Amino acid sequence: MLSREDNELICRVGPGTPMGNLMREYWVPALLSKELPGPDCDPVRVMLLGERLIAFRDTLGRVGLIQNHCPHRGASFFFGRTGECGIRCVYHGWQFDINGNCIDMPNEPAESDFRHKVKAVTYPCVERGGLVWTYMGPRETPPPLPDIEINMLPEDEIAIIPSYVESNWLQAVEGEIDTSHTGFLHFGSIQPEDVEEGTFLHYTVKDRAPKYSVVDTEYGTMYGAYRPAKPGYVYWRIAHFNFPFYTQPPEGALGHSVIMNAWVPMDDTHTMSYVMVRKGKSETGRPARLPIQGDSEKYPDMHVPMLPNTSGWFGRFRPAVNATNDYLIDRDVQRNGDDYSGIQYLASQDRAVQESMGGIYDRTQERLASSDVMVIRVRRRLLGAARALAEKAVIPPGVDNPEVYRNRSGGVLLPEGADWIEDTKELRQAFVEHPEIAEQQPQP
Amino acid sequence: MLSREDNELICRVGPGTPMGNLMREYWVPALLSKELPGPDCDPVRVMLLGERLIAFRDTLGRVGLIQNHCPHRGASFFFGRTGECGIRCVYHGWQFDINGNCIDMPNEPAESDFRHKVKAVTYPCVERGGLVWTYMGPRETPPPLPDIEINMLPEDEIAIIPSYVESNWLQAVEGEIDTSHTGFLHFGSIQPEDVEEGTFLHYTVKDRAPKYSVVDTEYGTMYGAYRPAKPGYVYWRIAHFNFPFYTQPPEGALGHSVIMNAWVPMDDTHTMSYVMVRKGKSETGRPARLPIQGDSEKYPDMHVPMLPNTSGWFGRFRPAVNATNDYLIDRDVQRNGDDYSGIQYLASQDRAVQESMGGIYDRTQERLASSDVMVIRVRRRLLGAARALAEKAVIPPGVDNPEVYRNRSGGVLLPEGADWIEDTKELRQAFVEHPEIAEQQPQP
Amino acid sequence: MLSREDNELICRVGPGTPMGNLMREYWVPALLSKELPGPDCDPVRVMLLGERLIAFRDTLGRVGLIQNHCPHRGASFFFGRTGECGIRCVYHGWQFDINGNCIDMPNEPAESDFRHKVKAVTYPCVERGGLVWTYMGPRETPPPLPDIEINMLPEDEIAIIPSYVESNWLQAVEGEIDTSHTGFLHFGSIQPEDVEEGTFLHYTVKDRAPKYSVVDTEYGTMYGAYRPAKPGYVYWRIAHFNFPFYTQPPEGALGHSVIMNAWVPMDDTHTMSYVMVRKGKSETGRPARLPIQGDSEKYPDMHVPMLPNTSGWFGRFRPAVNATNDYLIDRDVQRNGDDYSGIQYLASQDRAVQESMGGIYDRTQERLASSDVMVIRVRRRLLGAARALAEKAVIPPGVDNPEVYRNRSGGVLLPEGADWIEDTKELRQAFVEHPEIAEQQPQP
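As given, the protein sequences belong to chains Z, L and D, one line each in that order.
Each residue of the first sequence is one higher than the one before, counting from 1 in the UniProt record's numbering.
Each residue of the second sequence is one higher than the one before, counting from 1 in the UniProt record's numbering.
Each residue of the third sequence is one higher than the one before, counting from 1 in the UniProt record's numbering.
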């Protein structure tokens, strides 16, 4: 559990909050590049860390992220005219470039220099791997982008699944770093005899109460969850939390799986998740009837159906399976044991539990168990880093060390008595190919 | 009128409020038995006294009422798996029985005894007369159920009409104990010459300003409203308020009518009403064109049309005739005098006035008249009892005396000069049959 | 910009606020006469200056405006029975006349005189020019109605276009007294060569950064915006702000145009606008493809499509082109330059910018320019008058001087060096016909 004070501190991310300040030290994903399909395309409303922003692409193709309200009299730039390398408020024609400079003020006399005194809040943006990244922090020169492998691959090898979550970002992160729920929420109905012996999934459903080892790292926190495997071997599931809101779940085989999930706060009670996986290479040990979010080409029918995007502040990437329809829970399927939750789609199962906790869960009411050791450790690191920044201006983990993000997660069999940290060092390195892994590792 | 302080005190019923504490001394109706149709059926969201609860029926058919959020990490039990004599959170498989014991914690190591340290908030439930009753109070051993006659009849003799009201519970109660409005809101358009002479309704519409006698009782408050009847006789309408939220309106003939209405707060601004009448025996003096809520077999087309239930917190038993459609008021019918309000259905008429007062009416703005003497007295009793409990731990009326609820209400002709209290004692007794009453009393 | 304190003071208009008190010194338009089509017609919910009121027309055809909640127990008069020269609450039949007197209290004994002690809040109403005017202020005898010319013409010469705006009233007023936006939001796509030389519009689009002259007046504030016209001439656009919320924009030719727009606060974040123009005589210099709000006979297809009225507090005169559909912005039209905003209808363009500022715009964030001189001056006058009333009981401008409203606005060509105030005195006088004006002035 958390005290009320700590729960507030860790959850709230608006301007001026300690956790909001921590997140603003990093580059954060703002939207998908393809949401701004070309120069001078339609602007997009973006809610980010509690701020209302308008994203646009200028005539040169550069992305701008500007305050919603025109600095002049407050009309929204959403209705703005793009073109001529800027965005122009339709109220009086004031035009701003992606750096917030007022480059035209046509309703003022020609001799006026007032436009040089007016600046709009904009945040610098760069694009990489299908994402528009932005830096909302205090530095004049932003830090480097994090070395997130999946985001640095050639764009045609990356699959991104964006999804809107109606809860605080931490509830989503905690669901992802919580390997214990996998054997229940997702695979609780699968019996060991249903699965081919020797596969990861077989070990998972044979022992649903694994033990855990958790260590702090330069980039955040890492856990290994372990349980018995074939004689003489232990099955390890190794996964990461990366500052400030990234997770690398243990899907697929360690050394082979390239994945990163970002849980970006829109505001305190809404989150945009970006699941990023390698196209055609991220097979996991999951049985086919439990579709995963992932490669849109390989698993065309495994995606949660989505509502059409709207232009609203919370209109992007809304799953059609959501709280308003109880996630289409099928009570008969749940009851007869065909599926543990009765909810189709892994991602919907996660959202059902996370969102049902409410906008911000009151963590004074929790009773944490030994399986929550990773959750506990990550909270402690986040709170510690937010306080260190607020009180002693300590730069948070990884901000100036992009290379610490070069990690991989996944499952692996290690001999009994092996040192899980030392002996997986190479497999955990990003940007290293292990073509043999996919064959060696026991997939279902 | 009430002071702002008294109005807050009497209306608010959440955990820890004085009126909430008073209500928690009693058993309260939580939902209908048939909403949980069988062992291990689908759970139901129940909002009760400002608490979010999940109702379920276990494998043995026993009803459980458990806190919405799993004590572990807060996922809602609404998505829980029923079966094996409990409800199991789908997040990590923790299973609880109807008493709140954690009976399985499958993601913890076998040797862990942590499950014995975790308890969920549950409220004991019993079923009687088609209702699930629950006790949300502080006692280890709850008090007895109240001896409410209609709730103790064989179930096939009881008709229950549940209905959701969008206002504070007290506005609904006050509408029910207010016999004065009957001659206007419900029967204002009926002229004495429209009704057969000698019937109750004839006297009612002939004199719309009766006099009142009000007395405090062991169970709450009783009134007799009286007006001239046939020569030498007085027509008395005798009705009850029973602690903490029950009303017995004067429908039908005293000694014959068996009725109890419960106005159960869902939260401070939403109420669930349960109207309970005897099937096939509760004819009243009301004219046919003004259908009443009541016996669903005798009056199949007299019920307010209902929207389909949803699984939402406020999705149960919603009238289709409601504020969003102005209660389908027909202004021409209202204007031409065919009906006083222009609103079809007695129950919709009541809801129109009660709900139009707003969620919680500001009673500092009232101007009470002599016809409000019952309303005034009931408020005083409720406030007194809530304060006595809060300040001196005085057990509220009837909590430990179930027999005080054994009352009947209704209309009766008494000779002029009769003692209305003394002379109706026998007719007011529950569980006594007076087969002659239906014939003796002047029905329309 | 305004300080937070001034912004609150100038925007909020509920009972007891300084600006609310200022507005209550004046007669204010409450609704259209035709919304109450005849004696004893259906009542109408009216939200006005933050108060919920029920408008009705009594048997003699007189308009009443009564508090929503019956003084007795709070049921809404919306469900009340009209007739017998009053409105009767359907709960207990209490009947009130348009002056708030309780004229019948039928559920009290005949001998009771309680009805003489009960009074409902009502506001006196008069009808003129298609509007129902009401006085919500403290005087026993209200001041005279303002001499608003367009409201005093024969009713068949007046066109009124009512329209609901989802923002604070001041945002709407500021949009109207801001002539600078015309050349951008409305005519930004029109090039000088598109328009016949010598017309007002030609001068407007040829010079989009006019200069301004602003003067305080007895009724409020007047501006003249000026720019070069044909050789030796200056094109002046002269317009007025009239206390407390009226605007006379410079549409059409000065001396010919008869117009008044009222921006009546429903509450702090919703406004009802009444645009009033002379039927068949208010041609302006606007090109046909940009329809204006105005004369419904001459420009039948120039009106913003409206949603059907509902009986809700905010259900009257809602444009179908609104924030929920992004004002049907057509990005291609905006981009290709066919229209500056891509939004059809002048009125929708105004609403898009005003409403996108939010319910109450935070004016601490503004950067005002020289083109905002009228906005600045009007705010100062409003703040000054509200403070003078609050602190020194100074009667606000025009309250007791109805004749100060006798003004006209519009465009005019004056010789270079002319005194725009002195030399337009006659043309600015209301109630004076200048039949030659329509021909003399350069229409497009």
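In this text, a Cβ means the ideal position worked out from N, Cα and C, and glycines have one as well.
Just so we're clear, the structure is a prediction, and the values are computed from it rather than from any experiment.
Per-residue contacts from residue i into chain A (C-beta, under 9 Å)
i: D40(D); result: No chain A appears in this structure, whose protein chains are Z, L and D.
Cutoff 8 Å: residue i Cβ touching any chain L Cβ
i: A75(D); result: yes
i: P71(D); result: yes
i: Q365(Z); result: yes
i: G285(D); result: With a pLDDT of 38 at G285(D), under the threshold of 50, the predicted position of this residue should be treated as unreliable, though the coordinate-derived value follows. Taking Cβ atoms only, chain L never reaches closer than 8 Å to G285(D), which makes this a no.
i: D326(Z); result: yes
i: M276(Z); result: no
i: Y405(Z); result: no
i: V432(D); result: no
Contact check, residue i vs residue j, beta carbons under 8 Å
i: Y164(D); j: M47(D); result: no
i: Q191(D); j: Q354(D); result: no
i: G83(D); j: C125(D); result: no
i: V412(Z); j: I177(Z); result: no
i: V378(D); j: T179(D); result: no
i: L49(L); j: V90(L); result: no
i: R406(L); j: E149(L); result: yes
i: S311(L); j: S356(Z); result: no
i: E174(L); j: V375(L); result: yes
i: H434(D); j: H256(D); result: yes
i: M276(D); j: I160(D); result: yes
i: F245(D); j: P396(D); result: no
i: R351(L); j: P319(L); result: yes
i: A229(Z); j: P210(Z); result: no
i: C85(Z); j: D42(Z); result: no
i: D268(D); j: N168(D); result: yes
i: R128(L); j: L153(L); result: no
i: residue 464(D); j: F96(D); result: Outside the shown range of chain D (1 to 444) lies residue 464(D), about which nothing can therefore be said.
Within-8 Å CB hit, residue i to chain Z
i: V90(L); result: yes
i: R331(D); result: yes
i: K298(D); result: Here K298(D) scores only 42 on pLDDT, less than 50, and its place in the model should not be relied on; the value that follows carries that caveat. No, because no Cβ of chain Z sits closer than 8 Å to the Cβ of K298(D).
i: G14(L); result: no
Bounding residues of the alpha helix (DSSP H) (the contiguous stretch that carries residue i)
i: T204(L); result: F200 to K206
i: V373(D); result: V373 to K392
i: N336(L); result: R331 to N336
8 Å Cβ cutoff, residue i in contact with chain D
i: E193(Z); result: no
i: N107(Z); result: yes
i: H202(L); result: no
i: V63(Z); result: no
The ligand SAH heavy atom lying under 7 Å from the CB of residue i
i: I190(L); result: This structure lacks the ligand SAH, and indeed carries no ligand of any kind.
N- and C-terminal bounds of the beta strand (DSSP E) containing residue i
i: N242(D); result: Y233 to N242
i: Q67(L); result: V63 to Q67
i: E102(D); result: Per the sequence shown, the amino acid found at residue 102(D) is Cys instead of Glu. C102(D) -> beta strand (DSSP E) spans C102 to D104.
i: M47(D); result: V44 to L48
i: R57(Z); result: E51 to R57
Presumed contact (8 Å Cβ cut-off) between residue i and residue j, rounded CB distance
i: C11(D); j: I360(D); result: 5 Å
### Message
With a threshold of 8 Å, are at least 3 pairs of Cβ atoms found where one atom belongs to the segment 114-128 of chain D and the other to the segment 70-78 of chain D?
### Response
Contact check between the segment 114-128 of chain D and the segment 70-78 of chain D: three or more CB pairs, one atom from each, fall below 8 Å, which counts as touching.
### Message
With a threshold of 8 Å, are at least 3 pairs of Cβ atoms found where one atom belongs to the segment 93-113 of chain Z and the other to the segment 28-41 of chain Z?
### Response
A contact is defined here as three or more CB-CB pairs under 8 Å, and the segment 93-113 of chain Z fails this definition with respect to the segment 28-41 of chain Z.
### Query
When the Cβ atoms of the segment 323-330 of chain D are set against those of the segment 341-351 of chain D, are three or more pairs found closer than 8 Å?
Cβ pair count under 8 Å is three or more, so yes.
### Message
Does the segment 201-210 of chain Z come into contact with the segment 353-368 of chain Z, if we say contact requires no fewer than three beta-carbon pairs (one atom in each stretch) closer than 8 Å?
### Response
Flag = no, the segment 201-210 of chain Z and the segment 353-368 of chain Z do not touch.
### Task
For the segment 381-392 of chain D and the segment 125-142 of chain D, state whether three or more C-beta atom pairs, one from each stretch, are separated by less than 8 Å.
As far as the Cβ criterion goes, the segment 381-392 of chain D does not touch the segment 125-142 of chain D, which means the pair count is below three.
### Task
Determine contact between the segment 228-238 of chain D and the segment 414-423 of chain D, defined as no fewer than three beta-carbon pairs at a distance below 8 Å.
The segment 228-238 of chain D makes contact with the segment 414-423 of chain D; the number of CB pairs closer than 8 Å reaches 3 or more.
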